[in-house]
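Chemist: My questions will all concern the structure given below.
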Amino acid sequence: MSASTLSRGAVRPDDGLRHDWTRPEVRALIDLPFPDLLFRAQTVHRQNFDPTAVQMSALLSIKTGGCPEDCAYCPQSVHQECKVEATRLMRVEAVLAEARAARANGATRFCMGAAWRAPKERDIDEICAIVEGVKGLGLETCATLGMLTRPQAERLKDAGLDYYNHNLDTSPEHYGRIITTRTYADRLETLEHVREAGMHVCCGGIVGLGEDADDQAGLLVALANLPQHPESVPINMLVRVAGTRLAEGDSVDPITFVRIIAAARIIMPRSFVRLAAGREDMSDETHALCFLAGVNSIFYGAKLLTTPNAAVSRDAALLERLGMAPMRL
Ligand code: SAM
Ligand code: DTB
Ligand code: SF4
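Anchor point for the sequence shown: position 109 equals 109 in the numbering used here, and the numbering is continuous, going up by one each time.
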């Protein structure tokens, strides 16, 4: 995208950050000797953040299943053999009860996910009421509802939505093997609408989709070379769900995963890098290496959207063992 084709809200700021990373450069970073890579990541991390503080986001599926998109990894797609029961959008009061519980647990941001390709206008009315309610509890608000138009993004911003999550998922080349019902360009367009509306961007991807090392670098390059770095970068380890197209496959070496996290930290130095899905099956030691590599955000709570998350008691004990603590607002 040239500067002249960027619309106003997406104009690249003079932020002193690099937006011109190349794939060979990022591959070389990922492949650095592990001590050098972690030293660089930890140095960058300390220049920008308190290395002991972890941002805690709670996640709630406010509209589950029945999604028309064909994302190969996702149990909520109607194209999968597993049939996650489709629900309608939750009522405001039910969402607020969950948000209060998340706040009591220590989460400072409440992320709401809906299994939609894109919200309809009447959905936006209901979501705005939910966002206003959650914001009123003193929580930061985040939603992931699929594709958005610019007016929809503006309505959500006006209702008090702080962050919008919309992932690039993988490299542009690998993308077509994972999703055919929505293009990479569609995703970039939604991200632009979110930016133009003045919301913070939460955008990341998934490791373990059968991608190669070049795709892994390609995802990071696509994220870092956005007009502005996403404020929040969730890196998910694929949760393999029985009955999905990606139920079987080779698992990614945890050291490779840590390397990808470290490279994300180095090339997006001021972004919160979130260790997102996949923590339930990750050892405490892998968690610790991810924190060293620059992770400073996690999903906190018993459940992700449809699958289990690492237990709250385990997370609390791990942070304590590591001398780390939840970040306050
Ligand atoms: N339906 C909306 C959309 O995809 O735009 C929002 C919800 S969707 C579940 C949000 C993100 O969750 C996806 O983009 C994907 O990155 C992640 N995700 C979904 N299923 C996953 C899985 N099994 N393992 C890891 N991440 C997953
Ligand atoms: C993100 O990057 N990961 C979250 C959130 N954004 C919405 C979703 C993870 C979903 C994991 C599979 C599930 O629980 O259905
Ligand atoms: Fe639908 Fe989102 Fe799942 Fe894709 S990731 S199938 S868009 S809920």
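Where is the CB? At the ideal position from N, CA and C, for every residue including glycine.
Quick caveat, the model's predicted, so the values are computed rather than measured.
By the three-class DSSP mapping on this structure, what secondary structure does F34 have?
Modeler: helix
Chemist: Taking the C-alpha atoms as reference points, what is the distance between E280 and A242?
Modeler: 16 Å
Chemist: Answer yes or no: do V330 and I62 have a C-beta to C-beta separation smaller than 8 Å?
Modeler: No answer is possible for residue 330: it lies beyond the span of the chain, which begins at 1 and ends at 329.
Chemist: Quick check: the Cα distance between E140 and D158, rounded to an integer number of angstroms?
Modeler: 14 Å
Chemist: Taking 7 Å as the cut-off, is the beta-carbon of E132 closer than that to any non-hydrogen atom of ligand 3?
Modeler: No, the Cβ of E132 stays beyond 7 Å of every heavy atom of ligand 3.
Chemist: For the pair the stretch 95 to 110 and the stretch 45 to 59, tell me if three or more CB-CB distances fall below 8 Å.
Modeler: yes
Chemist: Could you check if L37 belongs to the surroundings of ligand 2, using beta carbon to heavy atom distance under 7 Å?
Modeler: no
Chemist: Where do the ends of the alpha helix (DSSP H) carrying I330 lie?
Modeler: In this structure the chain extends from 1 to 329, so residue 330 is not present and cannot be described.
Chemist: What residues match up with H200 in a beta bridge as DSSP calls it?
Modeler: Y163
Chemist: State yes or no: is the C-beta of Y73 within less than 8 Å of the C-beta of I206?
Modeler: yes
Chemist: For a test of your reading of the model: does the CB of A118 fall under 7 Å from any non-hydrogen atom of ligand 2? Yes or no.
Modeler: no
Chemist: Could you tell me the alpha carbon to alpha carbon distance between S2 and R12, rounded to whole angstroms?
Modeler: Confidence at S2 is low in this model, with a pLDDT of 39, below 50, so its placement is unreliable and the value that follows should be read with caution. Distance between the alpha carbons of S2 and R12: 10 Å.
Chemist: Note down the Cα distance separating Q76 from N48, rounded to an integer number of angstroms.
Modeler: 37 Å
Chemist: Using DSSP bridges, identify the partner residues of F272.
Modeler: S232
Chemist: May I ask which residues mark the beginning and end of the alpha helix (DSSP H) holding G218?
Modeler: 213 to 224
Chemist: By DSSP's criteria, P308 is part of a beta bridge. Which residues make up the other side?
Modeler: K303
Chemist: Pick from R245, T244, A262, V239: whose alpha carbon is nearest that of S251?
Modeler: V239
Chemist: Around the Cβ of P338, are there at least 16 other Cβ atoms within 10 angstroms (buried) or fewer (exposed)?
Modeler: Since the first residue shown for the chain is 1 and the last is 329, residue 338 is missing from the structure and cannot be characterised.
Chemist: Should T307 be counted as a contact of ligand 2 given a C-beta to heavy atom distance under 7 Å?
Modeler: For ligand 2, a non-hydrogen atom lies closer than 7 Å to the CB of T307.
Chemist: Out of T64, R40, Q80, P68, state which residue places its alpha-carbon closest to the alpha-carbon of L246.
Modeler: Q80
Chemist: Out of D20, D15, G16, D14, which one is the CA nearest neighbour of V221?
Modeler: D20
Chemist: Closer than 5 Å from C-beta to any heavy atom of ligand 3: which residues, in chain order?
Modeler: C67, E69, C71, C74, Q76, S77, A115
Chemist: P172: which of L148, V134, D212 sits nearest, CA to CA?
Modeler: D212
Chemist: Would T286 and V258 be called neighbours here (beta carbons separated by less than 8 Å)?
Modeler: yes
Chemist: Pull up the CB-CB distance for I127 and P119, whole angstroms please, since I reckon it's below 8 Å.
Modeler: 7 Å
Chemist: Report buried or exposed for A104, applying the criterion of at least 16 other Cβ atoms within 10 angstroms of its Cβ.
Modeler: exposed
Chemist: When the Cα of D253 is compared with those of G278, D162, I267, T180, which residue comes out closest?
Modeler: G278
Chemist: For the alpha helix (DSSP H) that T52 lies in, which residues bound it at each end?
Modeler: Here T52 belongs to no alpha helix (DSSP H), and DSSP marks it neither H nor E.
Chemist: For P308, does the count of other Cβ atoms within 10 angstroms reach 16, so buried, or fall short, so exposed?
Modeler: Result: exposed.
Chemist: DSSP on T170, reduced to helix/strand/coil?
Modeler: coil
Chemist: Would the beta-carbon of R82 fall within 8 Å of that of C142?
Modeler: Before going on, a small fix: residue 82 reads as Cys here, not Arg. Not in contact: C82 and C142 (Cβ atoms no closer than 8 Å).
Chemist: Measuring alpha carbon to alpha carbon, tell me which residue in C71, A325, A317, A99 is nearest T180.
Modeler: C71
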